[in-house]
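Notes follow once the structure below has been shown.
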Amino acid sequence: MKNFRLNPYFLTNYDQNKALIEQRLNYLLSLPSPYEIKEGIIFLRGTDKLVSKFFKIKVEDTNGKVQYFTSISDCSLNLNIPSKTIKICLMSGIPYKIYTIKFDTVI
């Protein structure tokens, strides 16, 4: 419980601590991001790997049935489509067999 109490030392050196915190925060914010955005899609910087935690995949078949997936691998396992094919469909917008594969949410 002592870990969550206010430390009197912190209060006496508030200005010094505030300056130190701001200095460290500015340093962290100046570091390059591990991500980059290409055409509204988030990739790992310097690669062609999608960052799947930022989007959902929407798959619609010709009968109008819609399914949502949280990752490319989950979609691949459920539909028996190779991950590479799903990625190509996502990037190009071209349907695959009876499926139209799109991003549901894009940041």
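Just so you know, the sequence shown maps onto residues 678 to 784 in my numbering.
Note that the Cβ used here is the ideal one computed from N, Cα and C, for glycine as well.
The structure displayed is predicted, hence computed values, not measured ones.
*asked:* Can you check which of these residues, Met768, Asn740, Lys774, Pro772, is closest to serine 718 by C-alpha distance?
replied: To locate residue 718, count along the sequence shown from 1; it is residue 41. Residue 718 is actually isoleucine in this sequence, not serine. Ranking Met768, Asn740, Lys774, Pro772 by Cα distance to isoleucine 718 puts Met768 first.
*Please say whether proline 711 and arginine 620 have beta carbons closer to each other than 8 Å?*
In the structure as shown, the chain starts at 678 and stops at 784, and residue 620 therefore has no counterpart that could be examined.
*On the premise that isoleucine 734 lies in contact with isoleucine 778, defined as a C-beta separation below 8 Å, what is that separation, rounded to the nearest angstrom?*
Reading the sequence shown from its first residue, position 101 is the one you call residue 778. Reading the sequence shown from its first residue, position 57 is the one you call residue 734. With a Cβ gap of about 6 Å, isoleucine 778 and isoleucine 734 count as contacting.
*Which class does isoleucine 758 belong to by DSSP, given the choice of helix, strand or coil?*
Within the sequence shown, the letter at position 81 stands for residue 758. DSSP places isoleucine 758 in coil when its eight states are reduced to three.
*Which of the three DSSP states, helix, strand or coil, is assigned to leucine 721?*
Here residue 721 refers to the residue found at position 44 when the sequence shown is read from its first residue. Leucine 721: strand per DSSP, three-state reduction.
*Under the rule that 16 or more other beta-carbon atoms within 10 Å means buried, what is tyrosine 776, buried or exposed?*
The sequence position of residue 776 within the sequence shown is 99, counting from 1. Buried is the call here.
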